[in-house]
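Here the structure is laid out as structure tokens; the discussion comes afterwards.
There are 2 protein chains.
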Amino acid sequence: MSGHILVTGGAGCIGSDLAEALLNRGCQVTVLDNLSSGKWVHIVDLMRRPGFQFIEGDLLDLATLDEAMHGVEMVYHLAANPDVKFAPGDPTDKDLRQNTLCTYNVLESMRRHGVRRLAFSSTSAIYGICERQPIAEDQAPHPISLYGATKLGCEAMIGAFQNLFDMDCWIFRFANVVGPKVRKRGRTVIGDFIDKLRRDPSRLQILGDGRQAKSYLLAEECVAAMLFAVDHAPRGLNTFNLGCPDSLSVTRIAEMVAAAMGLGGVQYEYTGGEGGWPGDVPRFRLDVTAINRLGWSARYNSEEAVALAIEASLISSRDHQGADILEAACRP
Amino acid sequence: MSGHILVTGGAGCIGSDLAEALLNRGCQVTVLDNLSSGKWVHIVDLMRRPGFQFIEGDLLDLATLDEAMHGVEMVYHLAANPDVKFAPGDPTDKDLRQNTLCTYNVLESMRRHGVRRLAFSSTSAIYGICERQPIAEDQAPHPISLYGATKLGCEAMIGAFQNLFDMDCWIFRFANVVGPKVRKRGRTVIGDFIDKLRRDPSRLQILGDGRQAKSYLLAEECVAAMLFAVDHAPRGLNTFNLGCPDSLSVTRIAEMVAAAMGLGGVQYEYTGGEGGWPGDVPRFRLDVTAINRLGWSARYNSEEAVALAIEASLISSRDHQGADILEAACRP
């Protein structure tokens with residue numbers, strides 16, 4: 011694959027790895043990111059590479075989006091609000107704006123520019139609570155969070171545009187993606203546990219009852235899977251679960267983090283309840299037969315992926331002040 | 011059931027029948043409608059009844075919506091753009107605005123006003139093209155039209171709000187609803203055929219190959235089914251197909267219309283192709299076991315429903331100029 015690729019959210023954890031992989035394949039890459047959760051530090055090395063262009067802008071701003079779409083052959087639309095948690099008092103239109111409206115804008119800009127190839131980062135959160143496990147792609151989705159609901163709305167619009175305007179689309183329903191970059195205060199279970207144990211190594215508050223058990227996938231594997239599927243899946247509309255078929259409990263992750271930090275005798279305190287927050291899906295495993303049949307499988311299961319992510323996070327981690335200093339230093 | 015009910019789209023074909031049925035049950039009814047497709051003629055008789063209030067306004071206008079939500083116990087959210095057809099050159103954001111954004115506004119206004127009961131008119135168009143027929147509610151949806159895609163997005167948001175804010179919701183996936191009021195130029199197959207045959211009784215242009223075959227439901231039965239389900243279905247999130255399990259071909263409808271108009275020897279001219287327009291689902295039947303098990307069944311099958319709708323349309327029909335005069339006369 012070569013050509014000119016637009017990566018929305020390309021300064022994010024997964025998007026910046028994807029942008030680098032596309033550059034390595036000889037593609038020209040434009041990253042469009044509003045840096046609301048993406049970071050300069052993720053793309054500072056890419057800025058020096060030939061064929062790379064960064065546009066700071068928001069997908070709700072159509073003029074900027076149209077500028078970024080110019081001459082593009084394919085879009086990887088990864089921009090989204092990465093914080094899936096909803097807390098009482100949060101605005102209820104955040105996901106509507108950042109998922110549904112942004113994705114519509116991307117689709118409409120593509121249509122107007124004659125860009126017909128789209129890969130989209132969806133989520134296993136679209137499924138909601140399913141009796142049948144592991145969950146295959148043809149299972150009816152019943153999202154219980156605003157994040158999952160609006161991602162499903164995006165998938166549906168992509169399907170309609172694909173049909174009406176003869177596009178080729180790849181929808182990827184991610185498991186929980188983990189890795190050294192995916193470490194933001196309170197946003198992921200690994201980062202949350204590391205932060206809390208740094209503050210107080212004697213005890214750890216765990217959201218829910220700790221028996222939540224989910225599928226995990228390393229960010230670098232997630233990127234590899236997307237590229238493989240776009241290379242090998244047929245034209246039309248393709249939908250793939252991306253993950254591994256097993257799951258890992260939150261309490262087990264707590265134990266792994268504590269062990270990796272060399273801490274013993276940590277007291278676990280549970281906030282209680284099946285889910286960690288309103289809209290949390292407490293347990294799921296993904297049926298990944300479809301992507302396996304295409305020829306791609308995750309090398310690491312959930313426990314291995316989480317172990318690698320913990321190790322990488324501890325090696326690369328700095329305190330938040332340090333991260334902020336680093337981010338400021340990278341800013342042009 | 012009594013209490014104060016808000017019917018969005020209550021000046022529409024189905025909404026006005028529903029508003030009347032609710033008044034007959036002793037409810038106080040507020041209709042909110044922007045009259046973009048709803049009509050004064052549908053509600054003029056209701057205006058004189060005690061307990062009825064009409065607010066002309068758009069669901070995109072939050073202040074008007076909040077005014078209408080005041081003191082309400084339940085919402086029937088039927089407002090939508092009823093024209094499911096997409097033609098090249100049409101704006102692609104019509105359904106996004108009129109389905110997705112309006113439904114979000116309804117949900118958010120309900121949340122802020124503590125209104126926790128919602129019935130929603132969804133559509134069989136969310137399913138798209140399904141191999142397994144008839145289509146049950148637990149089949150994975152793959153809409154191929156912007157109308158179906160945005161309705162699925164609405165369903166997903168309703169599910170998330172239901173879960174996050176402890177609501178009771180009834181989602182109804184309508185078959186093709188027909189009846190004397192549902193007769194607008196080019197919008198329904200029956201009205202389209204009557205109009206064309208009035209202009210030229212010797213021949214009839216039929217969109218597609220005429221073998222499109224869909225499920226039909228009389229508007230008055232649709233209203234009865236919604237009321238029954240809200241009375242009898244359990245709390246939480248309920249989703250029902252509303253229709254009958256059979257289907258009827260477009261060519262058969264053409265023959266029925268011609269026969270009802272007393273026309274012989276009509277020459278049928280097909281525009282060709284499986285679907286009638288981009289995004290049309292050429293064939294579907296609905297599995298209505300769920301609503302049947304609850305205790306409600308359509309009295310009329312698709313052919314009987316269409317026959318009654320043709321008859322009623324021919325009896326009540328006026329030419330469009332006449333309808334416009336009638337509408338103007340009803341306007342206060």
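Just so you know, the protein sequences line up as chains Y and D, in that order.
For reference, each letter of the first sequence is one residue, going 11 to 342 in our numbering.
For reference, each letter of the second sequence is one residue, going 11 to 342 in our numbering.
Ideal placement from N, C-alpha and C gives every residue a C-beta, glycine not left out.
Since the model is a prediction, treat every value here as computed from it, not as a measurement.
Chain-order list of residues whose beta-carbon lies under 8 Å from that of residue i (same chain, five-residue window excluded)
i                : result
Pro59 (chain D)  : As written in the sequence, residue 59 (chain D) is Arg, which differs from the Pro given in the question. Once the five neighbours on either side are set aside, the close Cβ partners of Arg59 (chain D) are Leu33.
His123 (chain D) : Asp76, Met79, His80 and Val82
Arg126 (chain Y) : Met120, Phe175, Asp176, Met177 and Asp178
Contacts around residue i, its chain only, beta-carbon distance under 7 Å, and the 5 residues preceding and following it disregarded
i                : result
Leu318 (chain D) : Leu228 and Tyr310
Ile247 (chain D) : The residue asked about is misnamed: residue 247 (chain D) is Leu in this sequence, not Ile. Hits under 7 Å: Gly169, Gln172 and Cys179.
Met167 (chain D) : Thr113, Tyr114 and Leu117
Gln108 (chain Y) : Ala90 and Asn91
Backbone CA spacing between residue i and residue j [nearest angstrom]
i                : j                : result
Glu83 (chain D)  : Asp71 (chain D)  : 21 Å
Leu162 (chain Y) : Lys161 (chain D) : 11 Å
Ile301 (chain Y) : Arg35 (chain D)  : 54 Å
Val260 (chain D) : Tyr278 (chain D) : 11 Å
Lys206 (chain Y) : Ile136 (chain Y) : 29 Å
Ala150 (chain Y) : Pro255 (chain Y) : 18 Å
Asp105 (chain Y) : Pro190 (chain Y) : 25 Å
Ala90 (chain D)  : Cys232 (chain D) : 16 Å
Pro292 (chain Y) : Ser312 (chain D) : 43 Å
Pro101 (chain Y) : Ile139 (chain D) : 36 Å
Arg195 (chain Y) : Phe203 (chain Y) : Confidence in Arg195 (chain Y) is poor, its pLDDT being 49 and thus under 50, which makes the residue's placement unreliable; the coordinate value appears in the next sentence. The alpha-carbon atoms of Arg195 (chain Y) and Phe203 (chain Y) are separated by roughly 10 Å.
Leu69 (chain D)  : Ile53 (chain Y)  : 42 Å
Thr110 (chain Y) : Thr110 (chain D) : 9 Å
Proximity test, Cβ basis, 8 Å: residue i and chain D
i                : result
Phe238 (chain Y) : no
Met167 (chain Y) : yes
Ser155 (chain Y) : yes
Glu313 (chain Y) : no
Asp219 (chain Y) : no
Arg195 (chain Y) : Low confidence applies here, because Arg195 (chain Y) scores a pLDDT of 49, under 50, leaving its location unreliable and the question unanswered by this model.
Thr102 (chain Y) : yes
Ser87 (chain Y)  : Looking at the sequence shown, residue 87 (chain Y) is not Ser but His. No, no contact with chain D.
Ala339 (chain Y) : no
Pro244 (chain Y) : no
Gln149 (chain Y) : yes
For residue i, the nearest candidate out of the options (CA to CA)
i                : options                                   : result
Val4 (chain Y)   : Y:Gly158, Y:Phe250, Y:Thr261 and Y:Asp103 : Given a span of 11 to 342 for chain Y in the structure shown, any question on residue 4 (chain Y) remains unanswerable.
Glu77 (chain Y)  : Y:Thr18, Y:Ala31 and Y:Leu128             : Y:Thr18
Ala269 (chain D) : D:Glu321, D:Ala150 and D:Asp241           : D:Glu321
Ser12 (chain D)  : D:Gly22, D:Cys23, D:Ala31 and D:Gly20     : D:Ala31
Met57 (chain D)  : D:Gly20, D:Gly169, D:Ala146 and D:Leu88   : D:Gly20
Val39 (chain Y)  : Y:Ala308, Y:Gly25, Y:Asp103 and Y:Pro190  : Y:Gly25
Gly282 (chain Y) : Y:Ala223, Y:Asp219 and Y:Leu324           : Y:Asp219
Ala235 (chain D) : D:Gln215, D:Gly274 and D:Ala185           : D:Ala185
Thr74 (chain Y)  : Y:Pro92, Y:Ile53, Y:Arg303 and Y:Leu42    : Y:Leu42
Leu304 (chain D) : D:Gly274, D:Glu314, D:Ala264 and D:His242 : D:His242
Below-8 Å beta-carbon distance, residue i vs any chain Y residue
i                : result
Ala170 (chain D) : yes
Met271 (chain D) : no
Pro92 (chain D)  : no
Ser132 (chain D) : no
Leu56 (chain D)  : no
Asn251 (chain D) : no
Arg121 (chain D) : yes
Leu75 (chain D)  : no
Thr299 (chain D) : no
Asn173 (chain D) : yes
Gly285 (chain D) : no
Asp178 (chain D) : no
Leu106 (chain D) : yes
Glu118 (chain D) : yes
Minimum Cβ-Cβ distance from residue i to chain C less than 8 Å
i                : result
Tyr114 (chain D) : The chain inventory of the structure shown lacks chain C, comprising the protein chains Y and D.
Contact check, residue i vs residue j, beta carbons under 8 Å
i                : j                : result
Arg295 (chain Y) : Ser225 (chain Y) : yes
Phe96 (chain D)  : Ser155 (chain D) : yes
Trp287 (chain D) : Leu217 (chain D) : yes
Val316 (chain Y) : Met271 (chain Y) : no
Gly61 (chain D)  : Cys23 (chain D)  : no
Ser134 (chain D) : Arg183 (chain D) : yes
Ile15 (chain D)  : Tyr86 (chain D)  : yes
Val240 (chain Y) : Ala129 (chain Y) : yes
Asn251 (chain Y) : Val298 (chain Y) : yes
Asp290 (chain D) : Gln215 (chain D) : no
Glu230 (chain Y) : Asp27 (chain Y)  : yes
Ser47 (chain Y)  : Ile200 (chain Y) : no
Contact set for residue i: own chain, Cβ-Cβ below 6 Å, skip 5 residues either direction
i                : result
Asp55 (chain Y)  : none
Thr249 (chain D) : Glu147 and Ile181
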